[in-house]
Each structure stands twice: as structure tokens, then as C-alpha cells.
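Which chain is which? The protein sequence lines are A and B, in order.
Whatever position you read off the first sequence (first residue = 1), add 534 for our numbering.
Whatever position you read off the second sequence (first residue = 1), add 534 for our numbering.
A short worksheet on the structure shown next.
Number of protein chains: 2
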Amino acid sequence: MRACEIRDRRRLMDAALGRIACDLTVENVRFANMLTGEIYPAQVDVLDGAVVRVREAGESLPVPSHSVYDGGGRYLLPGLIDAHMHVESTMMIPQQLARAIVPWGTTTVCTDPHEIANVMGKRGVRFMLENAGLAALRQYILAPSCVPAAPGLESAGASFCAGDVGELLGQPGVIGVAEMMDYMGVVNGADRMAAIAEEGRGRGMFLQGHAPQLTGAALAAYRIGGPSSDHESRSAEEIREKLRNGMRINLRASSIVDALEELTRGLEGMGWLDQVSLCTDDVHAADLLAKGHLNAIVARLIHGGMNPMVAYKLCTYNAAREYGFDDLGAVAPGYLADFQLLDALDGRMPYAVFLRGKLAACQGRYVLQDQSSTCRVQPENTMRVCGIKGEEDFCIAVGDGRQTARVLVLGRTGRGLERSGEWVALPVRNGLVSLQDRPDLQFIAVVNRYGSGAKTVAVTKDFGLREGAVATTISHDSHNFTVVYRDAKSAFACLEKLRETGGGICAAREGRCIEALPLPLAGLMSLDACDVLAKKIDAVQSAMQSLCSKPFSLLDISVYALPAVPGLVITDKGIVDGDRQAFIASVS
Amino acid sequence: MRACEIRDRRRLMDAALGRIACDLTVENVRFANMLTGEIYPAQVDVLDGAVVRVREAGESLPVPSHSVYDGGGRYLLPGLIDAHMHVESTMMIPQQLARAIVPWGTTTVCTDPHEIANVMGKRGVRFMLENAGLAALRQYILAPSCVPAAPGLESAGASFCAGDVGELLGQPGVIGVAEMMDYMGVVNGADRMAAIAEEGRGRGMFLQGHAPQLTGAALAAYRIGGPSSDHESRSAEEIREKLRNGMRINLRASSIVDALEELTRGLEGMGWLDQVSLCTDDVHAADLLAKGHLNAIVARLIHGGMNPMVAYKLCTYNAAREYGFDDLGAVAPGYLADFQLLDALDGRMPYAVFLRGKLAACQGRYVLQDQSSTCRVQPENTMRVCGIKGEEDFCIAVGDGRQTARVLVLGRTGRGLERSGEWVALPVRNGLVSLQDRPDLQFIAVVNRYGSGAKTVAVTKDFGLREGAVATTISHDSHNFTVVYRDAKSAFACLEKLRETGGGICAAREGRCIEALPLPLAGLMSLDACDVLAKKIDAVQSAMQSLCSKPFSLLDISVYALPAVPGLVITDKGIVDGDRQAFIASVS
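This is the structure we're talking about:
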């Protein structure tokens, strides 16, 4: 597979042979060759966005290039490739993402528009493709395989059958089937997942995996079922078993889950890491601003003792090969001219980044004059909540005049996102379960926002919320309206506010909204640039924190309704036992 | 790409989950994992020719496998993959090749049927595909790209346009475009090569290279033109430059050219060898019998100091990835069950070889009961020489009554196959150039055998032939009848004999054939098994040697008319200056 068909190959060959001038020569660099692991002095010639030659230092050209860039003796190496990320998790639209991550040296992202697909279906995927096209950053898309993630257990804004996935696979820019997160469906040969795998396999396309804690027999069945990669490992042992069994591993450090140092321990003793690449999965705008992108993972790997060339290889050559790109991930004749200049091979911000042969960023500033500077998106309001009239809809009614009710209180087990339940006797006042005497507990509600009218109200002990309500329409994977609250009036206020903004994040106290972050694009993304957005996120985060007695992250709530994890899960349709993938009662 | 579509994936998954029995478990092995470079105790379960699980030693199965093979504590590693070979060069047909090389641990060969294509065209390629199908050895074919190798400079039995190559690329078992040996055509953007490259590129298929001594600007142009691999390097510097510039390298040790130790010197200082694999290119039946196949290259690499696991990785995992096979080159769930058991990781003959999950060879014996045991081929006679009436056709006539003529005497330069020419005054007797007083020289003639009537007669100093004639229809790349001789009567006798046998190799003295090796399949291949064939080759080689004053190899003559090398070349159409790709006069 090629990342981009070179339009006029003969022109490049003529340039290589010195018959016509190149657009650009980057001279005076220490060339870090990701094909061989060597570093040596060289100069790089570029035409039409592709590499024409990598010449020895001092070798002259018969026809000088139109422009010459002095590399200043810096290291030149390929741009970085994120093997798996969800753009929506940055809360930025693709054109803004480009401006945020290119300065960190990332030139290609392989993305799963799973979130917008769950809200807006194929229209959402097409929006991501089109919007990505406005910026130079290479943004590939994998067709979301699990829309909804857990059919029957949650309601999303769309439902993809194998034919829908196939239709997306036929679109330019779509390079495979995205993480097959219904992993038990794959393992057990469920018809839907088998048919979706076949859509990809029949086209010779990449099938991406998602196999948390799968081991032994089930891991083997999952691998045979199709997916050949995974980014969900949490332990060294898990990484090691998966690599040994033929899964490619995307070492992940996301804003939600980050066990990077533990994971790299799983690589110890291996002779080579050909099947290892890096990914950021879900990464937060503030983290992108403050810490960086893939380069930050590279820095940590090097800090942990990994050979710097190997660390960079994981997110260049290896990532390209994972997808079968044979013109990305290295700098050589016929490769695309995505590269960076670095003062040191330590994961720092590059001095300069070249994308498609053009200077795209310098010293942290995006300098490319592409279409990403103007945002022309007119988002539609995707908030279609129905059947919710007022605060009474956020209460748990107990009908039979009892003074107490036994309620299943959800709580984290300490193993990642996994939750268990504990039956607790709670007082009933005026026919409604009351948490007045239990400041350690909160209500949580998931309200369908695609017109079904479904909702679930439950009790959790996972949030230190003292008063008011915090709500979001970023709620993996169906992105229904999800609210944690102490008082129902504030929960309803959040809903009212987010209906008005087309979704977003909101904090309310005493029945009034105190801060809101509008996310008008599918209730998932802002149109703002990364720095502006990060400030707004900070404001809403602070407002949410002011309601809480312990540290609160808005991501905690965003993954509370995620059905693709083991243990107990809440969705708009009820409380789900993730292991059995079945509903259970939460009040008795 | 997958080597072979698994027919019933659910059955394999059921077996992985322990719901049904596997065909085979190979237990008690030291598992050499080519995905991670680790060695650890394990056991391997197989069903329907694919790997179902690799279990830890001691872990039991819910349902026992139908058969259990005790690995005896040996190393288990994948079968070897030859990245580039011409089956015809072994002089065996594909079904016999399988019996010869599987016992050495080779389970996959990626072949270029360039020779038979030059003789029989697409019919020849189809024969190779069909005949390969009679044995378990995986024999993939790349569509010959240069039929003839040097259009206009030689006449072959067929001529492929881009459409013909495209037609072959559509056949099952064809995995790419074979070595694009008209390298100057590629570099200069010649229409034929550009169109052939496009046939492969348009299908996302692999383009194999052949770029002897290409360097700098020309190498870059060749790489951009399409081909991404090479096996023609002769020096450490050539290997290094090609790897650095994005060419995959097939380290070659063939029966004709072997600079393996020099080539591996070119890998020194590299951090990794991801783009390096192994190939045998042209290998002789006697060498296969005595020395082995890829394993012999592995042994030499290890002897030269390469880490044994890395040496095996080159011809397993790396070779598979070169072609984009993601189910070959390793042993893991979903991979095809081609593996071997070895007493030591030193390139020795394996104790046992499993192919498609079945024991195929044990202690050097091919034990598989497949269709390769019966040869049912009825070859047609492809010798269509015309216009040759007698010995006079093998003389150089000088028409104007001169006593001497200036003749261009061909001679090796010492740089591989490369030849230069030297103008020498030779006596003319009865109007014919005479070598009577020059025992150091010989005549050489190339006679078209596809009905064109063309022939070229010249003089060479490269053979120590004292008397008689040696002739062959294996004559790269057009495989015209090629004869080296001291007396024209013996040359004609060779022609008469090989017309009768449908081609082959022949030695004659005093106008009579003294030994002949019939090669009835396209004048290139015998139907014999390797051991029988090797004896016959030895006999004809001995007969040829008996005519010579210095060591003589029949391969020397087979590559004497090869136009894809620099320097001077002889073809049926005349003497060619390989550098300029133009004819030059040889008598003045």
C-alpha cells in the first residue's frame, strides 16, 4: 500500500537524475536512517512532496534546488506516526488537531472515528475525512467496526452492519477496519463481527484489534478471528503474551490509561521489536499543549533506557509497516517527504517539521499556510433527547411505599476502568431513593440523546461530588448524555444547557449551570484551536472540581458508560454485566 | 496479503477454544519465536494446516489432538522462505524441486519463471504454476517483467507487453512483478518498463528489482521508478548504499554468483536488518544435494558471526514481510503451519520439516505422500532452429580474399560476468577465420531456437576448450542455442543432438556427440529427481571438462549470452555493448 500515489513519477526520476531542479534541499544534517539504524551526514532533496535523493554530505547537484534549508547539523528523521488514536478525544476537529500535533513532530495519524460514527454514523466519518483534508497532517481513517460498541446493551446514534463498514472501506483515505472492540463477539465467532472482519479481509485490509486482558485460548481465537494488533494491554505479561502470539502491539500512553513503564517491562529480553509501535488512543488537548504527542512517549521510552533510534523506529518505520505503507516511516528516494529536524534524539520538540516537503512547523509554531487556518464548519445540533420533562426524570422512584431500598452501588475495583457492584440499603423519601445521609454516594444517569427516550439512573461511589451536577455528552462509546449529581434539579439544568449548545460539558449547582464547554460538533468536538480549547476545558474542569471533595477528572465520567470493558457498566438501557454482556437489576 | 486463505476460520477458533480436537500437537520443543527473538519451551497445536495455538509447556488441552509429535526438545522455528529464485536454474521441474529442498527446511519459494517465459511465454508460466501445485512446497510466482530481457538486442520465444504481465498478475499464486532487470529502462523511464511497473503498482503488488552496480542518482531513479528490492549487489558498499536508500536486500548466494561474506560486511554497523532477506537466485541441483539450500546460507552467516536468531529471521519473518505475507514467516495462531525442528540453530539440515501442518521431511528424506511422487508431464519439443544446414553455419566467413581479419575477441574483465573486447588479427583460411594457431581462443555461436533463423558467431578467450564443442539451450535470458567450439563440425553435432532431445546440454568431439543431458521441458529442465539429475549433470560436466585445458563450468556458458549485464554481450542478433545497449561490429 502506498500512502499517496505520486502523481508524476517521471518528474521525480528526472530530478533524481539531475535533469530538473528539486523544490528543496535540506543540507547539513545528521541523517538518522530508520531503514538501517545508522546516523551519518547527508542532505535530502525533495520534489512534489516526495524524497528524490538522500545524498552524501558534500555531493553536489547538477541543477541546484529552488530552495536550500540549512539543517544546522541537526538530526533529520522521519515524521512520527500514531498507530491508533481517536481525534474526537482531543475535542478538536481534525483541522485543529493538525495545528496542535505537527509542531511535536507527528506527521501521520491513523484514526478511528468511532466516537463521531456512534453519534452521526457514516455522515460523521465523512465529515472527519473531509475536514482532515483541510490540513497537511496525514490523517488516515479506519472504518469503525463497533457502532454501537455493544449492540443491544446501549443505543448509539447509528448502527453499522458489515455492509456499512464495507462501504466506508471503499472510500479514499480509509485504510482498514478499526479496533474490533466487541472482542468477545470476535472470540465467539458472532455473525456481526465475523462479517465485518470478512469485509476487511476480502479487501486485503488491516484489521485492528482491541483485546483487553485476553489471554491463552481466547487470545488465540481472537487472533485467528482477524484482528492482528492491540493497544489495550495493562501489564508486562499481557504485552509479552500478545507479542509472542502474533499480535502487533501499539504501546499506549493516553490521557485516560497510561501504564507505559509497566508495558515496556514486557519487552525485556526480546531480540527485536518489529511488531511494536506507539499510540496515544485518547489524548486531551491540555496534555497535547503541555506534554506533547508521540514525542512525549518517545522521551519516556528513552528515559527508561530504550535505545533512542529504536524508540523513534517504533513510531516511524514500524508503524508504517503495521499498515503496509511502504512510502512512509523512512526518508529515502520515493518516500514521502515527511521529516523533522531535532537538536537531540531524546523525544524533545523538533526544531522544524516538514510535511509533504514543506516546512510545516518551526520551534513549536505551525507555519504552514494551508486551509487549516480557517474553520468553516457549520455544525448541526445532534442533541435529540426526548421524554425528559424535569428533575423528576433524574430520580430513582420506589413505588411500593418502602422506607428503604436495596440499591446496587457501582464502584471501581482498582483494576483500570473495571467496576463491581455492592448492594446497599438506602432510605426512600417521598417514594424516591435519597442520598441525603450518604455524602459518599452520587446518582448517575445516562440519557439517550438519539430520540429513543431511554435512560438509566443508578448510584455510584466513584465521584467525590458534594453538590450539584457534572454532565457530558462525551460518554464512550454511545455518547449519550451522562450526568453525575447530588441533586436532580442540577442534573436537569445540565441537560437543558447542553441541549442548547448541541452537547458539551457542564457543571451546575443548586439547579443552575455554573460553567459549560460547548462541543457543537456532534457533542464531541469544539471548533476552537488547541490553546483556546485547553483554557475552556480548564475552566469547566475547575467548575466541576469546585463541586467535588476529591480530585475529579472529566475523563472519569466520559468512560463511565463504556460497555467494552469487563465488570459492571451503565448505559442508557440499564446496568450491564460486561463479563456476561447482559443486563442486571440495580434496585430491589 | 495472506499466503493462503484459511477456509474455515470458525473451525480454527473452535479448536483454539478447546471445543474440537486439533489434527496435531508438536510438544516438547524449544520454541524459537521469530516475532520476538525469544526462545522458550512450548507446544504447538495445528488444525487444517494452520497454527491454532502455541501453548506453554505443560498446559493441557481440553480435547486432545488427534496426533502428538514429540519434538524431542529440539528447536521449533518457521520454515525458510527463499525471497528470489528461478526454479529453472535447478534444471528440475517444480514438483521435483519440492522433494529436493523441503528436507533442507525451505517451505516457501518466491520464484521468477523468467527462463521458461522467455522460451514458452505465458504457457510456460502456467505450466510452472500447475506443476508447483502437485507438491506441498509453497511456490509463489512473480510475473516475469523482461521477456525478452533486452528487447531488440536478442530474440526470445515470447515477448511480454505490460498487458501480458497484467494478465499474469491476475492469476492465483502470482504475487508481484519479477525482477525488473532492464534496469536502464527503468532508470530512464522507458515506456515498456514504466507500463509494467504501473501494472503491478495499480494492483498494490510487489515490484522486484535487479539493479547491479546502480549507485547514486541512477539508484534513486530506479527506486522511484518502482522496484523496491535487489539481489544483485556484489560488494559491501553496494549493499550498504542500497539499504540506506530504501531497497530491500536479498542477500544472495547462488551457484553462479556468490559474494556472501563480502555482502554481509556491508551490514556492519547497522542497528537492524529489517529490510534484509536471503535468496538463492540460480542454484544447481548438485549444490542442493551436497550443500543444502537456504540453510546453507544461514550456516555461513552464523559462521561469520551473525546472531543465529537474526540469521533465521532474515529468511523467515523478514522474507514474509517483504512480500506482505502476514501469515507466513512465524509460528503463531492464524499463521500457516510450516515449521521445522532443529537440533541446533546453526544452519544444519533440520531433523523434521512440517508443511501445511503435515510432516513433510524427516532426517533428509521427503516423506509427504503428495502428488510430487509421480511425474506426469508430457513436454513438447521447443527446439525450432531453422536455417542451419551444416558446419559452415558455424564459421566466420571473410569475403574479400584477405589473409587476416581483425576480430573482436571477447574476454572477461574479472568484474563478475562483465566482459570487454580486444581487437586481434587472426588468419583467414579458405575465406574463414581460423583459430588453428590460437589454442587459447574459441568460437562461440548463439543460434536462435524460436524460428527466426538469426545467429551470431564470434571469438572468445574465456573458455579453455582444446577441441570439440560444448553446447547448451540454457542460455540466459533468451535461452537460444549457445555453443563454444574449436571445430564447427562438433558444434553442428551438438545442435543436431539437442534438436532431437528438445534441448539440453551436450559435448561433442570430432563431429560426434560424446555426452548429452536432455532437458526436454523447454530445453531448460529435466523431469528427473534431484539425485538422478545431479549424476547426469556430473556426467555431461565431466565430458565437457575432458575437452578443456582449464576448469570448466557449464554455468559459464549459460550466462555468456546474458544481455542484462554491463560490458560486451553476445546474443543471437549480434554483439551488444551492454552499457550502451547497442550492437557493435565484431569483424573488420
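A virtual CB, placed ideally from N, CA and C, is assigned to each residue, including glycine.
DSSP state of residue i mapped onto helix, strand, coil
i         : result
B:Ala617  : strand
A:Asp579  : strand
A:Cys896  : strand
A:Gly760  : coil
B:Pro647  : coil
B:Tyr574  : strand
A:Leu812  : strand
B:Met626  : strand
B:Ala864  : coil
B:Tyr869  : coil
B:Gly1106 : For the record, residue 1106 of chain B in the displayed sequence is Asp; it is not Gly. Correct three-state label for B:Asp1106: coil.
B:Leu876  : strand
A:Val588  : strand
A:Ala677  : strand
A:Gly891  : coil
A:Ile1048 : strand
Cut-off 6 Å between Cβ atoms - residues of its own chain near residue i, not counting five sequence neighbours on either side
i        : result
B:Asp904 : Ala669, Ala670
B:Gly655 : Ala692
A:Arg949 : none
B:Lys847 : Met568
Spatially closest choice to residue i from the options, by CA coordinates
i         : options                                  : result
B:Leu558  : B:Ala696, B:Pro598, B:Ile615             : B:Pro598
A:Asp1021 : A:Gln1079, A:Ile554, A:Trp806, A:Ile930  : A:Ile930
B:Ala617  : B:Gly697, B:Ala854, B:Asp582             : B:Ala854
A:Glu1030 : A:Val919, A:Gly723, A:Gly935, A:Val943   : A:Val919
A:Tyr1154 : A:Leu551, A:Gly571, A:Gly945             : Look at the range of chain A in this structure, 535 to 1122, and you will see that residue 1154 of chain A is not part of it.
A:Gly1108 : A:Glu1034, A:Asp582, A:Ile978, A:Ala1077 : A:Ile978
A:Asp792  : A:Gly803, A:Arg834, A:Val810, A:Ala864   : A:Arg834
B:Asp974  : B:Ala728, B:Ile554, B:Gly583, B:Tyr1019  : B:Tyr1019
B:Ala824  : B:Leu1067, B:Val1110, B:Ala696           : B:Leu1067
A:Ala502  : B:Arg543, B:Ala550, B:Arg553, B:Arg953   : Summary: the structure shown does not reach residue 502 of chain A, with chain A confined to residues 535 through 1122, and so no result is reported for it.
B:Val720  : A:Cys1064, A:Asp548, A:Asn964, A:Cys813  : A:Asp548
Beta-carbon proximity check, residue i vs residue j, cutoff 9 Å
i         : j         : result
B:Gly613  : B:Val844  : no
B:Leu748  : B:Pro1097 : no
A:Asn562  : A:Gln577  : yes
A:Tyr885  : A:Gln874  : yes
B:Leu703  : B:Ala677  : yes
A:Met781  : A:Gly750  : no
A:Ser986  : A:Ser689  : yes
B:Val980  : B:Ser1009 : yes
A:Ala1027 : A:Val1004 : no
A:Val993  : A:Val941  : yes
B:Pro682  : B:Asp1113 : no
B:Leu1081 : B:Gly1002 : yes
Bridge partner(s) assigned by DSSP for residue i
i         : result
A:Leu1055 : A:Met1059
A:Ala979  : A:Val991, A:Val1017
A:Met781  : Paired residue(s): none; A:Met781 is not in a bridge.
B:Ser954  : B:Gly945
A:Phe565  : A:Tyr574, A:Leu610
B:Val962  : B:Val967
A:Ala1005 : A:Val1017, A:Cys1040
Beta-carbon proximity list for residue i, same chain, < 8 Å, skipping 5 on both sides
i         : result
A:Ile523  : The question about residue 523 of chain A has no answer here: the residues shown for chain A are numbered 535 through 1122.
B:Asn829  : Leu614, Trp638, Gly639, Thr640, Gly881, Arg882, Met883, Pro884
B:Leu1089 : Ser789, Ile790, Asp816, His818
A:Ser601  : Asp557, Leu558, Thr559
Own chain residues within Cβ distance below 7 Å of residue i, not counting five before or after
i         : result
A:Gly1038 : Thr1007, Leu1032, Ala1050, Leu1051, Pro1052, Leu1053, Gly1057
A:Arg799  : Ala770
A:Arg757  : Asn779, Gly780, Met781
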